[in-house]
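Residue numbers (the working numbering), protein chains in the order written: chain X, 138 to 334; chain F, 138 to 334; chain P, 138 to 334; chain H, 138 to 334.
Report on one structure; see the data block that follows.
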DNA sequence: GATGAATGAGGATTCATTCAT
DNA sequence: CATGAATGAATCCTCATTCAT
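Spelled out as structure tokens, the structure:
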């Protein structure tokens, strides 16, 4: 059936992989043509520019992670504490093996593209915001953090994770991620609450 | 007198700025020629390749930060707790205003180059290791962390900072850095020690 | 119709001329663009590298000469002695006028490229071998040379011709070629056989 | 003592080697600086241009071979036939081992430079002429060739040798040279005289 | 005389994009 | 819709030569 549409999704899927590994700017359209076995004509039929493809790839990353991290895990049916643990474990599981070297699709593009292109930056910023909002709600549900500090604390957890993935990438070992996840779990769950200052 | 050496240092200095803003791969040699007002011949007289320049820039970043963060602050003469506070405040101060958008020179290159080039990756990994070692010693001096957890905790602090700088870059506000610094201070200093698990 | 293929052949044809005159390394891609009136994009669409073009040019030389010298002349329908005479006359005819200065396409590249690039060298060596094989058969057919000396003698005839073309090139006169052809004819045909030693 | 002059000779000597292997145009001045351990200033003090060096190298080749081949061997004190044999054996000896791949300094430059530069071409043409003249005299002394054919025959011998060195270079074996030398010896010495046509 | 820094034209190649079919 | 040929600006780099010291 909808062969054109399928083909387009396929290109985005292949491109998402390549761009995660090589970065957006270092990925040439030719790289994608070779990886997906299509011709130039077809490519430019589906995407007016390379930039269009880039945005499609980012949107795809966001769709995937929003569904997995936010909708399925953070807004799922388990008790709030459990949901937070799930999120941390899901993170840990996503960055093992070859994925350690590839790093986080959002973190990678955040750093590579923020200064170059507003449409990348805004999408990624907005994704991080949505994530922090969802985590913030869960933290409140779990009664772990006072309401007025929940968003800040959620953002800190997320940025800690991004930082750990960054260090893991440059060290080529998932140890820093395990380390951060373990410290976050510890801090969050073995204390009555985090309230000072 | 030492005109040649000066000239080379100047190029590295200009390039360090440009590369921090645009990234290594997106910075063309021409960008550097224009920014520094020199000719191609002069450039390639001092640097055999663009890669050579990149390495010189990384080495310069490392020199600067090692001196400031490690030697002057973490290994300085103040009490251990004070030194840690200084490090956090120095971090905060370094990423205000236009520097928020530029991000961390190490984090930027870690993400951009780790998969492309081992000589960048290794230098940066080794810098993060040295930083974590120095911070680890200070944490032990301050009696804040049990000895066997000190390195892991130090690495977590550093990766939290890197993650905060990343989020700040994509959000174009230093708020996430202030946030993380404040949480780190809080966790570190207002509790007897961090020992559970 | 087959416009693409034609275009590629045209480039090879123009390049064959330019390279024969200027040598492979001294011929810039720009030289070829100017001579053939095409743009850089078109060139690199057809040839991945300059080296690719070089190989295409060598293969074209080989095709042409194999057809003319080996298939049409040495393996033709005339008596063996006549075929050898034809070969010598064809050689003579090919290096008159402006062609004296250009020299032999194979000899030129043999000397220029043998030390630089195995793929050029091997192709040319194999062409000379095939030529010597075909001439060797013809010498045997003509009963001019004892079987066990035929290949060596064929190779000597061919190398004499190459040497004569070389001297003709540096002297800018076809006299050395005429001279060598006449001596070869004489030695081959006016003696019962060449058998001594 | 004459340190400047010595240095210059050294540069020419090093350059002669490099140019014989890589060709004149493919040899960069930097190649020569590296091989001889001198600086740019010194080089351009001795040679106004790269071309100047090239000419010095050719003149050096010519000096060496004229002394060896013409003065010592062809115009030496042995009987004429012996002198010719010596010349052939000297040739054979000069192109063994690594020298097979390097080819003949004159043949190499003849082919590479004849179309590009008259001053190279003329020097080499004149060297080949002097060699042919000397060989011609020796052939006459030996009563092997009628007077009016002696120069032509000498030139044919020389061009045969050059051609054999060329084929040897592309085949990377000295066999073609041995082969040609043996055939030349045979033709020259085992027949009363070469007179027909 | 000697040094090596500086020059800038020219080299091969890549790239996103357009266009004729 | 789809193809792949064509475009030409831009990229990294090399080179012979000049120049200030």
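Note that CB positions come from ideal geometry on N, CA and C, so glycine has one too.
It should be emphasised that the depicted structure is a prediction, and the values quoted were computed from it without experimental measurement.
Against residue 171 (chain X), chain F offers no close residue; the least beta-carbon distance is about 18 Å (beta-carbon pairs closer than 9 Å). Taking a C-beta distance under 8 Å as the contact criterion, residue 298 (chain H) and residue 272 (chain H) do not qualify as a contact pair. DSSP places residue 161 (chain F) outside both helix and strand once states are collapsed to three, so it counts as coil. At a Cβ-Cβ threshold of 8 Å, residue 221 (chain X) and residue 243 (chain X) do not count as neighbours. Rounded to the nearest angstrom, the Cβ distance from residue 175 (chain H) to residue 148 (chain H) is 7 Å, consistent with a contact under 8 Å. Counting along the chain, residue 257 (chain P) sits inside the alpha helix (DSSP H) bounded by residues 255-278. Within 8 Å of the CB of residue 258 (chain F), the CB atoms of chain X belong to 307 and 309, in sequence order along the chain. In chain order, 248 and 303 make up the part of chain X whose C-beta sits under 7 Å from the C-beta of residue 244 (chain F).
Residue-level contact by beta carbon holds for residue 262 (chain X) and chain F, with a gap shorter than 8 Å. Remark: C-beta atoms of residue 237 (chain X) and residue 145 (chain X) do not approach each other more closely than 8 Å. Residues 206, 207 and 295 of the same chain have their beta carbon placed closer than 7 Å to that of residue 268 (chain X), with the five preceding and five following residues left out of the count. The CB of residue 299 (chain F) comes closer than 7 Å to the CB of 300, 303 and 304 in chain X, given here in chain order.
Residues of the stretch 182-198 of chain F with a Cβ closer than 9 Å to any Cβ of chain X: none. Within the stretch 211-231 of chain H, no residue places its CB atom closer than 9 Å to a CB of chain P.
In this model, residue 229 (chain P) and residue 152 (chain P) are separated by some 24 Å (Cα to Cα). Proximity of chain H to residue 159 (chain P) at the Cβ level (cut-off 8 Å) is accounted for by 252 and 253, in chain order. Shortest Cα-Cα distance from residue 317 (chain P) to any of P:326, P:325 and P:301 involves P:301.
Here DSSP, grouped into helix, strand and coil, assigns residue 172 (chain H) to helix. If you ignore the 5 residues before and after residue 314 (chain F), its C-beta comes within less than 8 Å of the C-beta of 228, 229, 232, 237, 298, 301, 302 and 305, all in its own chain and listed in chain order.
Nearest to residue 215 (chain F) by C-alpha distance, out of F:279, F:168, F:184 and F:241, is F:279. DSSP, read as helix, strand or coil, puts residue 293 (chain X) in helix. Taking a C-beta distance under 8 Å as the contact criterion, residue 290 (chain H) and residue 320 (chain P) qualify as a contact pair.
In the three-state DSSP reduction, residue 178 (chain F) falls in the helix class (H, G or I). In this structure, residue 194 (chain P) keeps its C-beta atom at 8 Å or more from the C-beta atom of residue 248 (chain P). Exposed is the label assigned to residue 234 (chain H), since fewer than 16 other Cβ atoms lie within 10 Å of its Cβ. Under the DSSP assignment, residue 320 (chain X) falls in the alpha helix (DSSP H) whose first and last residues are 312-326. Counting only unbroken stretches of 4 or more residues, the alpha helix (DSSP H) elements lying wholly within the stretch 185-223 of chain X are 187-202, in sequence order.
Measuring C-alpha to C-alpha distances from residue 275 (chain X) to each of X:246, X:292 and X:184 identifies X:292 as the nearest. For residue 316 (chain F), the neighbours in chain X by C-beta distance under 7 Å run, in chain order, 289, 292 and 293. Under the 10 Å beta carbon count, residue 287 (chain X) is surrounded by 16 or more other beta carbons and is classified as buried.
The three-state secondary structure of residue 283 (chain X), taken from DSSP, is coil. Measuring C-alpha to C-alpha distances from residue 200 (chain X) to each of X:219, X:150 and X:181 identifies X:150 as the nearest. Nearest CB-CB separation between residue 162 (chain F) and chain X: below the 8 Å threshold. Within chain X, the residues whose beta carbon sits less than 7 Å from that of residue 313 (chain F) are 292 and 296, listed in sequence order.
The beta-carbon distance between residue 191 (chain F) and residue 257 (chain F), rounded to whole angstroms, is 7 Å. This is short enough to meet the 8 Å contact definition. Contact between residue 277 (chain P) and residue 158 (chain P) is absent: CB atoms are separated by about 37 Å, not below the 8 Å threshold.
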